[in-house]
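Reading through the structure tokens given below for one structure.
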Amino acid sequence: MPTDLNQKIYVAGHRGMVGSAIVRNLQAKGYKNIITRTHAELDLTNQQAVKTFFETEKPDQVYLAAAKVGGIHANNTFPAEFIYDNLMVQNNVIHQAFLNGVKKLLFLGSSCIYPRLAPQPMSEDALLTGKLEPTNEPYAIAKIAGIKMCESYNRQYGASYGVDYRSVMPTNLYGPGDNYHPENSHVIPALIRRFHEAKLANAPEVVIWGTGTPRREFLYVDDMAAASIFVMDLDKKTYDSQTQPMQSHINVGFGSDITINELAHAVAKATGYAGNISFDSSKPDGAPRKWMSSDRLNQLGWSPKVDLPSGLSQAYAGFITQQ
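Just so you know, the sequence shown maps onto residues 504 to 826 in this note's numbering.
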């Protein structure tokens with residue numbers, strides 16, 4: 504069936520790193536009717552406001568990329584806000600999408616849905632097999648609830664109303680629109696800022712927390728957006744061939760991981776920092792490894808296009824324009 508480039512597509516969270524990448528990718532594919540709302544224009548935790556929006560706009564598809572996000576400090580400090588806000592956003596958007604005839608919706612989750620000690624690489628069937636990481640458990644619980652809400656609407660209304668709501672779980676993302684806050688950013692934006700500032704200051708050395716041995720997986724955000732659109736556009740029979748009614752989410756990863764030591768040297772090269780890099784082993788490492796299995800997505804025919812050196816160069820260029 505040919506793609507209708509005029510269908511009305513609502514991207515919730517279009518100002519975030521992933522949401523903005525989804526908008527870029529949809530526009531590049533020729534979609535003409537993308538609708539967005541800022542938080543000031545539409546508070547997604549407000550049930551009546553979301554109801555009015557869906558009744559007025561009547562979108563054909565929804566990409567649910569809106570979420571309250573943050574690092575370990577934020578998750579530990581505001582656990583009530585992280586579980587309440589995310590549950591309200593998901594509940595309001597998914598339910599009003601259903602009530603207003605939206606047949607296709609894509610929910611974006613997080614790799615933190617998996618147990619803290621899940622076998623590596625983490626496959627989709629690891630969900631709900633063990634205890635979550637305590638520092639972000641409220642956020643993870645909300646994301647798991649989002650997956651289960653999509654599955655529940657499919658199970659109850661799929662046959663009668665044609666509802667087809669899907670979920671994708673990204674690995675660690677980086678790229679344009681990332682958060683480069685000195686304290687609250689994730690590892691790649693934090694390293695980009697540190698090496699950039701060290702270069703400007705002609706600092707002879709940059710010291711990084713931990714041993715440098717933990718392994719992490721990183722995916723360029725525009726690859727994540729392309730994967731999201733790919734999964735949304737799959738015909739139902741193909742999607743169902745790689746999922747189950749009560750385990751319908753699909754991982755989106757790069758397919759391999761690297762050490763923090765290797766990452767640090769790659770970021771230094773991308774930013775042009777030529778000094779020494781050392782590691783403070785008295786500081787914590789975090790989990791020894793976080794790597795997701797993308798076998799299901801690969802079997803469906805998708806693979807990432809942006810390698811780490813290219814992605815880091817583009818991310819650094821984006822950081823410079825934000826300064």
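Beta carbons are placed, not taken as given, at the ideal position from N, Cα and C, and that holds for glycine.
request  = Return the chain-ordered list of same chain residues with a C-beta closer than 6 Å to the C-beta of Gly821, the five sequence neighbours on each side being excluded.
outcome  = Excluding sequence positions up to five before and after Gly821, its CB lies within less than 6 Å of the CB of Pro679, all in the same chain and listed in chain order.
inquiry  = Within the continuous alpha helix (DSSP H) that includes Asn595, where are the two ends?
reply    = The continuous alpha helix (DSSP H) containing Asn595 extends over residues 582 to 602.
message = Can you look up Lys535 in the DSSP assignment and give me helix, strand or coil?
response = Correct three-state label for Lys535: coil.
task = State the DSSP-derived secondary structure class of Tyr819, mapped to helix, strand or coil.
result = Here Tyr819 sits in helix by DSSP.
query = For Leu547, which option in Ile575, Glu560, Asn589, Asn536 has the closest C-alpha, if you only look at C-alpha atoms?
reply = Per the Cα distances, Asn589.
ask   = In whole angstroms, what separates the C-alpha of Leu703 from that of Asn801?
value = Straight through space, the alpha carbons of Asn801 and Leu703 are spaced by roughly 41 Å.
key: Under the three-state DSSP convention, the category Arg540 falls into   = Shown here, Arg540 sits in coil according to DSSP, grouped into three states, outside any helix or strand.
query = Cα-Cα, which of Tyr683, Arg696, Ala730 is closest to Ser797?
reply = For Ser797, the closest alpha carbon among the candidates Tyr683, Arg696, Ala730 is that of Ala730.
query = Taking buried to mean at least 16 other C-beta atoms within 10 Å of its own C-beta, is Asn779 buried or exposed?
reply = Looking at its Cβ environment, which holds fewer than 16 other Cβ atoms inside 10 Å, Asn779 is exposed.
ask   = In or out: Asn509 buried (at least 16 other Cβ within 10 Å) or exposed?
value = Burial call: exposed.
key: Counted within 10 angstroms of its Cβ, other Cβ atoms place Asn705 as buried (16 or more) or exposed   = Under this definition Asn705 is an exposed residue.
inquiry  = Under 8 Å, with one C-beta from each stretch per pair, do the segment 811 to 821 and the segment 766 to 775 reach the 3-pair mark?
reply    = Touching, yes, given that three or more Cβ pairs across the two stretches are closer than 8 Å.
ask   = Whose C-beta lies closer than 6 Å to the C-beta of Gln599 among residues of the same chain, with five residues either side of it excluded?
value = Closer than 6 Å at the Cβ level, and outside the excluded window around Gln599, lie Val553, Lys554, Phe557.
request  = Note down the Cα distance separating Asn657 from Ala648, rounded to an integer number of angstroms.
outcome  = Roughly 14 Å separates the two Cα atoms.
key: Closest residue to Met652 among Tyr642, Tyr668, Thr638 (Cα-Cα distance)   = The shortest Cα separation from Met652 among Tyr642, Tyr668, Thr638 belongs to Tyr668.
request  = Taking 8 Å as the cut-off, decide whether the C-beta atoms of Asn763 and Gly814 are in contact.
outcome  = In the sequence as displayed, the identity of residue 763 is Ile instead of Asn. No; because the gap between Cβ atoms is not below 8 Å, this pair is not in contact.
Contact check, Arg619 vs Leu635, beta carbons under 8 Å = Yes, the pair counts as a contact, with Cβ atoms nearer than the cut-off.
ask   = Looking at the structure shown, is Asp738 part of a helix, part of a strand, or coil, going by DSSP?
value = Asp738 falls in the coil class under three-state DSSP.
query = Since Val572 is in the beta strand (DSSP E), which residue starts that stretch and which ends it?
reply = According to the DSSP assignment, Val572 belongs to no beta strand (DSSP E), since it is labelled neither H nor E.
query = Out of curiosity, what's the CA-to-CA distance linking Arg718 and Thr559?
reply = Taking the straight line joining both Cα atoms gives about 47 Å.
request  = With DSSP as the reference, please indicate the residues paired to Lys607 in a beta bridge.
outcome  = In the DSSP output, where bridge partners are listed per residue, Lys607 has Gln564, Asp667.
Span of the alpha helix (DSSP H) around Ala777 = From DSSP, Ala777 is part of no alpha helix (DSSP H); its letter is neither H nor E.
key: Contact check, Val734 vs Leu609, beta carbons under 8 Å   = For the pair Val734 and Leu609, the CB atoms are nearer than the 8 Å cut-off.
ask   = Going by beta carbon distance, what residues of the same chain come within less than 7 Å of Asn603, once the five residues before and after it are set aside?
value = Cβ within range, chain order: Phe557, Glu558, Lys561.
query = Quick one: Cα of Glu765 to Cα of Gly715, how far?
reply = One C-alpha to the other measures close to 8 Å.
request  = Compute the distance between the beta-carbons of Asn754 and Glu654, then report whether it is under 8 Å.
outcome  = Cβ atoms of Asn754 and Glu654: not closer than 8 Å.
query = Which value, in whole angstroms, describes the spacing of the CA atoms of Ser523 and Asp725?
reply = If you take the alpha carbons of Ser523 and Asp725, they lie about 9 Å apart.
inquiry  = As a quick exercise: from Leu567, Cys615, Lys532, Ile644, pick the residue whose alpha carbon is nearest that of Met520.
reply    = Comparing Cα positions, the closest option is Leu567.
query = Can you tell me whether Met749 is buried or exposed, with buried defined as 16 or more other CB within 10 angstroms of its CB?
reply = It counts as exposed.
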